Amino acid sequence: MNNGKPNWWSRPSSTPEAARIPSPPPSGDADGDGDFPLPAPQQAAGAEVSDLTDPAGPTVPVETTDGAARHEAAADASAAPAEPTVLLTKSEPPAPADEAPTAHLPVTGGHPADAPPADAPPAPVSESPGVDTTHAAQPAPQPLHAPDEYRTPPYGEPGPWAPAPPVQRPPAPVPPQQAQVPPVQPHPQPHPQTHPQPHPQTHGQGGGLPPQAGAPWVQYDPWGAGGAGLPPAPAKKSRKGLAVARALVFALVTGVIGGGIGAYVERNGGLTTVELPQAAGGDTDRAPDSVAGIAAGALPGVVTLHVKGGGSSGTGTGFVLDAKGHILTNNHVVDGAESSEDITVTFSSGETARAKVVGKDTGYDLAVVQVTGVSGLKPLPLGNSDNVRVGDPVVAIGAPFDLSNTVTSGIISAKERPITAGGEKGDGSDISYVDALQTDAPINPGNSGGPLLDSKGRVIGINSAIRAAGGGSGDGEGGSASQPGSIGLGFAIPINQGKRVAEELINTGKATHPVIGVSLDMQFNGDGARVGEKGKDGTASVTPGGPAAKAGLRPGDVITKVDGQRVHNGEELIVKIRAHRPGDRLELTLTRNGKELTKTLTLGSSQGT
Numbered sequence: 013m014n015n016g017k018p019n020w021w022s023r024p025s026s027t028p029e030a031a032r033i034p035s036p037p038p039s040g041d042a043d044g045d046g047d048f049p050l051p052a053p054q055q056a057a058g059a060e061v062s063d064l065t066d067p068a069g070p071t072v073p074v075e076t077t078d079g080a081a082r083h084e085a086a087a088d089a090s091a092a093p094a095e096p097t098v099l100l101t102k103s104e105p106p107a108p109a110d111e112a113p114t115a116h117l118p119v120t121g122g123h124p125a126d127a128p129p130a131d132a133p134p135a136p137v138s139e140s141p142g143v144d145t146t147h148a149a150q151p152a153p154q155p156l157h158a159p160d161e162y163r164t165p166p167y168g169e170p171g172p173w174a175p176a177p178p179v180q181r182p183p184a185p186v187p188p189q190q191a192q193v194p195p196v197q198p199h200p201q202p203h204p205q206t207h208p209q210p211h212p213q214t215h216g217q218g219g220g221l222p223p224q225a226g227a228p229w230v231q232y233d234p235w236g237a238g239g240a241g242l243p244p245a246p247a248k249k250s251r252k253g254l255a256v257a258r259a260l261v262f263a264l265v266t267g268v269i270g271g272g273i274g275a276y277v278e279r280n281g282g283l284t285t286v287e288l289p290q291a292a293g294g295d296t297d298r299a300p301d302s303v304a305g306i307a308a309g310a311l312p313g314v315v316t317l318h319v320k321g322g323g324s325s326g327t328g329t330g331f332v333l334d335a336k337g338h339i340l341t342n343n344h345v346v347d348g349a350e351s352s353e354d355i356t357v358t359f360s361s362g363e364t365a366r367a368k369v370v371g372k373d374t375g376y377d378l379a380v381v382q383v384t385g386v387s388g389l390k391p392l393p394l395g396n397s398d399n400v401r402v403g404d405p406v407v408a409i410g411a412p413f414d415l416s417n418t419v420t421s422g423i424i425s426a427k428e429r430p431i432t433a434g435g436e437k438g439d440g441s442d443i444s445y446v447d448a449l450q451t452d453a454p455i456n457p458g459n460s461g462g463p464l465l466d467s468k469g470r471v472i473g474i475n476s477a478i479r480a481a482g483g484g485s486g487d488g489e490g491g492s493a494s495q496p497g498s499i500g501l502g503f504a505i506p507i508n509q510g511k512r513v514a515e516e517l518i519n520t521g522k523a524t525h526p527v528i529g530v531s532l533d534m535q536f537n538g539d540g541a542r543v544g545e546k547g548k549d550g551t552a553s554v555t556p557g558g559p560a561a562k563a564g565l566r567p568g569d570v571i572t573k574v575d576g577q578r579v580h581n582g583e584e585l586i587v588k589i590r591a592h593r594p595g596d597r598l599e600l601t602l603t604r605n606g607k608e609l610t611k612t613l614t615l616g617s618s619q620g621t
C-alpha cells in the first residue's frame, strides 16, 4: 500500500483474457481489508514491467493496440515499485461522488511535456454492460516511446516494409531530399531483447529493402511520390535485340510453313483440284487404208480356235472364206483334233461354235474347218501375193498367247523366202515347204493361221512361222524352244498358194503337189540341188516317164536355177516347185560334167497327205 491507496500492477495480456478479469472493488478502509490479496507472479528474466500507479487515486486500465491492458500511474518512472500484488476483481457498485477517480495518462517516452494539459476535458468513455464506467472517462493514451520506424508491425496491419505495388514507374529525376516519414499509430514498443529487429537485408513480410550506398534508412511509402529510398530500376532491354529476335522467329516459322506447303504441292500437284485439258468428242471413223480402218473392217471375219486332243491343247487363229462357214487356218493348229468336239471357234463378237475339219495338208501346212448354224458371217477379201512388193505396209491379226483380236502392223521385209517347218516326226512326212512372205509385223504363238492384210484390207498371206533367236525356224506355236517370242522375223504363206490349196481341200478334201519326178540327194553340200544316184528303196532316182525324164535330166545333174532364180540346196528347189501349180512350165538351169545346160519341163501332180 502507498498513501492508503492500493498500487495496481498489470502485465500484458490478450484482449479476451483482460476482458474476463473484472475490476477490483473499492476498499472500504485504509488498510485495504476489502481486497483479496493473491501472491504476485514472478517476473520473467529479462522482462520489464512499468510501475504506472497514481498515488492520488486508483489506476485505469488502458486498451492498447496490441490488446494488452495496462494499469499505469503518474508516479515517477524511476521510483521503486511497492510490493507487487495481483488482485482478482469483480463487479462493484458505483463509487461515492466524493471519491470520483482521477485518470492519469501515461507519458510517452518519459517526457512530461507530452502529457495533455490539466484543464483538458476528459475523453468520453463508452458504456457497455459489465464494464466499470467509474474509471472509463480517461484521456486517450499516448505511446511511451517515440515511433520506431524499424519495428515489426502487429499482425493484420501494414508495416513500413509492405510489398510494393505491382507496377511502379520511376518519376523524373529530382534533387535528393529527406524522405517524409508518415505518422505512425501508437504501438507498444517491445523490449529490444524480446523482439529483435529484422536484418536490414531481409526480404519478405516485415523485411526491409537494402539501402543505397551512403543513404540513410527511411520508411518506404508505396503510395507516396518521389520514390526516395527505392532501389534503382533495372535497365531496359535493348529494343533492337528484341526486334532481331522476333524477326528470326518469324523467318523460321514462315520457312517451316513454306516448306510444308511446297512438299504438299509437290506430292499432290497443287492446292486445288486438277482438271486436265481434253479434246472434245468427234468423229471416230478412220480412213479405210489406215491401220485402224483395216482392223475395223477385218476383225469381224477373224476367229480364234481352241483345240484339244491327243493329250494336249492349243490356240490358233483363222479367217472366214465364205458364207458357208469355211475357215482357213494352219494344219499344225488343228492337227491334234480327232473330232468336231475338239475344236471351238470364237468370233470377234464373242459368239462361239463347234467346227469340223474339212481337209488339211501337211506339205503346205494348211487346213480348212467349217462351222454351221452361224449367221452374219463376214468373209475376208483375198488379194494377190504376186503383186506384193518389199516395203508394202501390212497388218497382222491373231490371238498371241490366247489374247484374241490382237492387231499388229509392219511391212513386207522380203519375198519368196524358202522355209521349212515341222519335222517333229523324224521321217519328213510332217515337213512343210513354203515360199514365204517375210514381215516384221509382230507374230507370236497363237498368231498361226491368222490373216496378213495389205493396205486395202485384203488377205495376202497366212501367218505360219517365226524365226527363233537360237537358230532354225519355228511355227506359230513357238518354234524353237530357245525363243518363243517374236524377234521381227515372221513368215506367211502367200495367199495365191493358200487359195489353190483351200479350194482343193474344200472340193476334194485333198490337195495336190506339183512335182518334176526326181529324187534329190539331201546330203549334198555343194551349191545347188543334186539329183541322187538312187531313189528311195533302191528305185531309180529319175522316175521313168516323168516330167524330168521327158526333159532329159539324169542322175548326178546339179540344178542351180529355176526360172532364172538361184537355188542353193534341195529344200530351196522343192519350195520353188511347190510355189507353182501342177501343169506349169518351168525352165531349169543345171550343170553336168562341168557344163551348164538348160532344160524345160511341165510340172506333174502328186497327191498330198
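Residue numbers 13 to 621, in this note's numbering, belong to the letters of the sequence shown in order.
Note that beta-carbon positions come from the ideal geometry of N, C-alpha and C, so glycine has one too.
Predicted, not measured: the structure shown is a model, and the values here were computed from it.
Selection from the options that minimises the alpha carbon distance to residue i
i	options	result
residue 506	528, 521, 427	427
residue 432	255, 261, 590, 253	590
residue 374	354, 457, 569, 346	346
residue 320	336, 339, 354	354
residue 313	421, 254, 393, 304	393
residue 466	500, 405, 370	405
residue 511	498, 473, 528	473
residue 389	264, 309, 292	309
residue 513	379, 566, 352, 311	379
residue 384	274, 430, 332	332
residue 620	343, 258, 307, 329	343
residue 479	455, 468, 463, 461	455
residue 567	330, 410, 531	531
residue 461	563, 504, 401	504
residue 407	326, 464, 584, 608	464
DSSP three-state assignment for residue i, whether helix, strand or coil
i	result
residue 407	strand
residue 376	coil
residue 520	helix
residue 468	coil
residue 562	helix
residue 599	strand
residue 552	strand
residue 313	helix
residue 512	helix
residue 287	coil
residue 357	strand
residue 475	strand
residue 397	helix
residue 352	helix
residue 618	strand
residue 369	strand
residue 541	strand
residue 305	helix
Residues near residue i by beta carbon distance below 7 Å, same chain, minus five either side
i	result
residue 278	none
residue 324	348
residue 395	466, 470, 471, 472, 507
residue 442	374, 434, 435, 436
Close-in-space but distant-in-sequence residues of the same chain around residue i (CB under 6 Å, 5 per side omitted)
i	result
residue 358	316, 364
residue 533	542, 544
residue 425	450, 451, 452
residue 604	569
residue 612	599
residue 299	305
residue 610	601
Endpoints, alpha helix (DSSP H) assigned at residue i
i	result
residue 590	582–590
residue 2	Because the chain in this structure spans residues 13 to 621, residue 2 falls outside the shown range and cannot be described.
residue 346	343–346
Range of the contiguous beta strand (DSSP E) that encloses residue i
i	result
residue 429	418–433
residue 325	324–332
residue 502	502–506
residue 611	607–614
residue 450	444–451
residue 384	Note, residue 384: premise wrong, no beta strand (DSSP E); not H, not E.
residue 570	570–574
Residues near residue i in its chain [Cβ-Cβ closer than 8 Å; skip 5 each side]
i	result
residue 615	526, 527, 528, 559, 589, 592, 593, 594, 595, 596, 597, 598
If you pair each beta-carbon of the region 355–367 with each one of the region 443–452, do three or more pairs fall below 8 Å? no
With contact counted as at least three CB pairs below 8 Å, one residue from each stretch, are the region 506–519 and the region 529–537 in contact? no
Are three or more beta carbon pairs between the region 567–576 and the region 413–427 nearer than 8 Å? no
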